Each structure stands twice: as structure tokens, then as C-alpha cells.
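Chemist: Sharing a structure with you now.
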Amino acid sequence: MPSYFGNTEDLIDWKSVLESIKDKKGIYDIYNPELEYDDSKPAEETAAEKLEVDMQRMLEENKDKDYFGDIVKTARKVLGAWWDVGYKKSEVYWEDFYAGEHFDIAVQDAFIKLTGETPIRVFITRLLPGKVAPMHFDVFPDLTPYQALGEVSRYTCFVQEPQWGHVLAFKDACYQNQPVGKIYKWNHVHEWHAAANMGLTPYYIFHFIGYK
401 MPSYFGNTED
411 LIDWKSVLES
421 IKDKKGIYDI
431 YNPELEYDDS
441 KPAEETAAEK
451 LEVDMQRMLE
461 ENKDKDYFGD
471 IVKTARKVLG
481 AWWDVGYKKS
491 EVYWEDFYAG
501 EHFDIAVQDA
511 FIKLTGETPI
521 RVFITRLLPG
531 KVAPMHFDVF
541 PDLTPYQALG
551 EVSRYTCFVQ
561 EPQWGHVLAF
571 KDACYQNQPV
581 GKIYKWNHVH
591 EWHAAANMGL
601 TPYYIFHFIG
611 YK
């Protein structure tokens, strides 16, 4: 389970950060942001299409074929499990907002001071009421170059006043009603997790992936 790391205290005005993105549309990026789920098709067909299109995008960006080939195979199993048990497009949905693109890069800079790490990916995830992120591990761009430079770590920070129904879960831990600014460090950057918004307001979570 993740371990307590610290608190942002007065370094970040999370209320202002969330205000700056509340009316924006985030990136829907479950392996490929452009391909929507299609509930009219067999589950395995939809999942295969999404991942194959994403594979092509990776190749076009000159990413390592063998690495992403393994990721695609593993990720297909994860998505296939979702569809096998009945998850639908209307339920599985979240948005990501990136530092410097959707909100002030100063937030990233503040976390650099806290962790002493070089950022790889810094973002806020939003789940609207009734949406879920079923159990999964995140698929990032190839982390091998960063692993060669140092230890890759991931942190999560809770950024809004506790709301009933906002839940972030790991295999051995479940987080809810966390105070604003509380930070946890993950055991592993690819740790399995899930999230759900069973409440009445949008659920925001901040994530920092970096290395040192």
C-alpha cells in the first residue's frame, strides 16, 4: 500500500488550481484518447481496436516496438476483464489535466521542491459523479530511459475538501475523506489501483511521476 509522504501545506492553493480547470475538458486517455468505446460491438472487439490503434500511434512516434508490444498484450487482458464482467462506456470514464497545459506549471515546480525529483508526468485526474476507473495499472510512455537515470516514483495528493463517495483504492488500502494537501508515495509506479465517484460532485486527484 502507498506510504504517507507529507503535505503540501501552504505551497499550493489547490482551490485556485481546481477553479482553473473546472470548466475545461480534460484528456480521455485509456490507451488511446481518440477511440471511444462502442457498446454495440463485442467487448473484445472494442478493446482490441482501441489498443491496436494506440500501438500504431506509438510506432508513429518512434517508440520501441518490443516494449509497447508487451504493454499492449498486458493491457488488452486488463481491458478484456472489464468488458467480460459488464463494464460499459457510460461507467468507465475519467479525464486528465496536465501541468503547464491545463493548469499552472508552478504546481509542478512546488512538487519538485517537495520530492527532489525530476518530473516525468504531472497531472490531475477528474472523475465525474457516477464514473469509475476499474482496477488497473497505468500504461505510461516507455519509462526505461528514466529508470536508467534513477529511481522512478509516483505520488498522489488529495486536493479538495473531503467529499462523501470519493474513493481511491489499492489492493491493501482504500482512501477517502483525506484532508487537502495530504501526499502518499506509491510502492511502485505501476501499482494496481482503482477509483470511483459515488458522490454528487466531481472528484479530483493529483499525481506526480518523477525520478531521482
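Under the numbering used here, think of the first position of the sequence shown as 401, with each following residue one higher. In this text, a Cβ means the ideal position worked out from N, Cα and C, and glycines have one as well. Small disclaimer: the values here were computed from a predicted structure and weren't measured.
#1: Candidates Met401, Ile412, Ser403, Gly486: which alpha carbon is nearest Asp509's?
#2: Under 6 Å Cβ to Cβ from Tyr664, same chain only, skipping five residues before and after it: list those, please.
#3: Closest to Tyr404 by CA distance: which of Arg554, Ala481, Trp592 is it?
#4: For the alpha helix (DSSP H) containing Ala499, name the first residue and the last one.
#5: On the criterion of 16 or more Cβ atoms from any shown chain inside 10 Å, does Val485 qualify as buried, or is it exposed?
#6: Between the region 520-538 and the region 588-606, do three or more beta carbon pairs fall short of 8 Å?
#7: Using 8 Å as the Cβ pair cut-off and three pairs as the minimum, do the region 528-536 and the region 547-561 touch?
#8: Identify which residue in Asp538, Thr515, Ala481 has its Cα closest to the Cα of Trp494.
#9: Please state the DSSP three-state secondary structure of Leu527.
#10: Within 10 angstroms of its Cβ, does Asn597 collect 16 or more other Cβ (buried), or is it exposed?
#11: Just how far apart, CA to CA, sit Asn587 and Pro534?
#12: Starting from Thr544, trace the alpha helix (DSSP H) both ways and give me its first and last residue.
#13: Is it buried or exposed, Thr544, if we count other Cβ atoms within 10 angstroms and call 16 or more buried?
#14: Taking the Cβ atom as the reference point for each residue, do Ala573 and Met401 lie within a distance shorter than 8 Å?
#15: Out of His590, Glu419, Lys489, state which residue places its alpha-carbon closest to the alpha-carbon of Ser440.
#16: Flag this pair as yes or no: are the beta carbons of Val417 and Asp496 separated by less than 8 Å?
#17: Which class does Lys582 belong to by DSSP, given the choice of helix, strand or coil?
#18: Please classify Gly610 as buried or exposed, where buried requires at least 16 other C-beta atoms within 10 Å of its C-beta.
#19: Since Val567 is in the alpha helix (DSSP H), which residue starts that stretch and which ends it?
Modeler: Reading from the atomic positions:
#1: As a working note, residue 509 is residue 109 in the sequence shown. Cα-wise, what sits closest to Asp509 is Ile412.
#2: Within the shown structure, residues of the chain are numbered from 401 to 612, placing residue 664 beyond reach of any answer.
#3: To locate residue 404, count along the sequence shown from 1; it is residue 4. Taking each of Arg554, Ala481, Trp592 in turn and checking the Cα distance to Tyr404, the smallest one comes out for Arg554.
#4: Counted from its first residue, the sequence shown places residue 499 at position 99. Unbroken run through Ala499: none, as it is neither H nor E.
#5: As a working note, residue 485 is residue 85 in the sequence shown. Exposed, because fewer than 16 other Cβ atoms sit within 10 Å of the Cβ of Val485.
#6: Touching, yes.
#7: Under the Cβ criterion (8 Å, minimum of three pairs), the region 528-536 does not count as touching the region 547-561.
#8: Here residue 494 refers to the residue found at position 94 of the sequence shown. Comparing Cα-Cα distances from Trp494 to each of Asp538, Thr515, Ala481, the minimum goes to Asp538.
#9: Counted from its first residue, the sequence shown places residue 527 at position 127. The DSSP-derived three-state label of Leu527 is strand.
#10: In the sequence shown, residue 597 corresponds to position 197, counting from 1. Label assigned to Asn597: buried.
#11: Here residue 587 refers to the residue found at position 187 of the sequence shown. Here residue 534 refers to the residue found at position 134 of the sequence shown. Near 19 Å, if we compare the C-alpha coordinates of Pro534 and Asn587.
#12: On the sequence shown, position 144 is the one that residue 544 refers to. Element bounds for Thr544: 544-547.
#13: The residue labelled residue 544 in the question sits at position 144 within the sequence shown. By the neighbour-count criterion, in which 16 or more other beta carbons inside 10 Å mark a residue as buried, Thr544 falls on the exposed side.
#14: Residue 573 sits at position 173 when you count from the first residue of the sequence shown. Residue 401 sits at position 1 when you count from the first residue of the sequence shown. Yes, they are a contact pair.
#15: Against the sequence shown, residue 440 aligns to sequence position 40. Ser440 has its Cα closest to that of Lys489, out of His590, Glu419, Lys489.
#16: Here residue 417 refers to the residue found at position 17 when the sequence shown is read from its first residue. Here residue 496 refers to the residue found at position 96 when the sequence shown is read from its first residue. Cβ distance not < 8 Å, so Val417 and Asp496 don't count as in contact.
#17: Position 182 of the sequence shown, counted from the first residue, corresponds to residue 582. Correct three-state label for Lys582: strand.
#18: To locate residue 610, count along the sequence shown from 1; it is residue 210. By the 10 Å Cβ count, Gly610 comes out buried.
#19: Reading the sequence shown from its first residue, position 167 is the one you call residue 567. No alpha helix (DSSP H) contains Val567, which is instead part of the beta strand (DSSP E) from 566-570.
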